[in-house]
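Enquirer:
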Amino acid sequence: MMTKTHISVGCAVGLAVAKALGMHPGPEYITAIAIGSMLPDIDHPGSKINRKILPRSKKIDKMAVYTIMAIVAGYLYLKNSNMGFALYTIPLFLMIAFSKHRGITHSILGSGIFIFSIYSISNELGRGILAIPFALGYLMHIVSDMLTSAGVQLFYPAKKRIKFLFRFKTNSTFEKVLMYIATAVSIYMGLQCIF
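With the working numbering, letter number 35 in the sequence shown gets 666, and the count goes up by one each step, no holes.
#1: In whole angstroms, what is the alpha-carbon distance linking Ile773 and Met714?
#2: Output the distance between the C-alpha atoms of Ile684 and Asp674, rounded to the nearest integer angstrom.
#3: Helix, strand or coil for Phe799, going by three-state DSSP, please let me know.
#4: Counting pairs of beta carbons, one from the segment 694-709 and one from the segment 740-759, are three or more of them closer than 8 angstroms?
#5: Determine the closest residue to Tyr787 out of Ser668, Ile744, Gly641, Ile735, with distance taken between C-alpha atoms.
#6: Rounded C-beta distance between Val640 and Leu767? I'm assuming under 8 angstroms.
#7: Examine the Cβ distances between the segment 657-676 and the segment 724-743 and report whether three or more of them are shorter than 8 angstroms.
#8: For the alpha helix (DSSP H) that contains Asp674, what are its first and last residues?
#9: Can you list, in chain order, the residues of its chain whose CB lies under 6 angstroms from that of Ala643, leaving out five sequence neighbours each side?
#10: Can you give me the C-alpha to C-alpha distance between Ser730 and His737, rounded to a whole angstrom?
#11: For a quick check, are the C-beta atoms of Ala717 and Leu707 less than 8 angstroms apart?
#12: Determine the burial state of Gln823: buried for a count of at least 16 other Cβ atoms within 10 Å of its Cβ, exposed for fewer.
#13: So, Leu604 versus Arg798, is the Cβ gap smaller than 8 angstroms?
#14: Considering only the beta carbon of each residue, do Ala572 and Ser775 sit closer than 8 angstroms?
#15: Relative to the C-alpha of Phe826, which candidate in Gly653, Ala663, Ile721 has its C-alpha closest?
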């Protein structure tokens, strides 16, 4: 599924949940949904996020950069144990470095690791509540990818890919229609939360 579709679907669901809970989400909430909606694809060297981080969209670059990031995070934590968030990022960076596309980052195990780490980091920064929209975006990404022909390794390390009976190809006409509908729902729900 395309990044913009993931973001649209994540925002539509996240804003609907906010409305149902009587919340008035601000820019931080929507940003957390968007980041959560994109993050599972960080396992792919050519993802939107990795095109900003990696020198090239190559697997070896992904492995090298994220391993170095894990080492730096470990060093920062050892140097200053008050930087607990650095400790939480080490497993994330290593998981990203050595994962394949739609593997652990698209699984129950991976989502648990990411959501726990993001909660721990945001809580340490006094913004623990942002883990909720992040988790909604992240989980909607996985559910959305189960609608595609490729499916996801939901029960990683089991190799079986889980997909819904109804599914479509990435970047198909159906996906584009879904993206426009989800965008319209996001705008509507956003306005409902404001007023």
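In this text, a Cβ means the ideal position worked out from N, Cα and C, and glycines have one as well. From a predicted model like this one, the values you see are computed outputs, not experimental measurements.
Expert: The answer reads as follows:
#1: 30 angstroms
#2: 12 angstroms
#3: strand
#4: no
#5: Ile735
#6: No, Val640 and Leu767 are not in contact; Cβ-Cβ is about 10 angstroms, not under 8 angstroms.
#7: yes
#8: No alpha helix (DSSP H) contains Asp674, which DSSP labels as neither H nor E.
#9: Ala813, Val816, Ser817
#10: 10 angstroms
#11: yes
#12: exposed
#13: The structure shown does not extend to residue 604, since the chain spans only 632 to 826, so no value can be given for it.
#14: Look at the range of the chain in this structure, 632 to 826, and you will see that residue 572 is not part of it.
#15: Gly653
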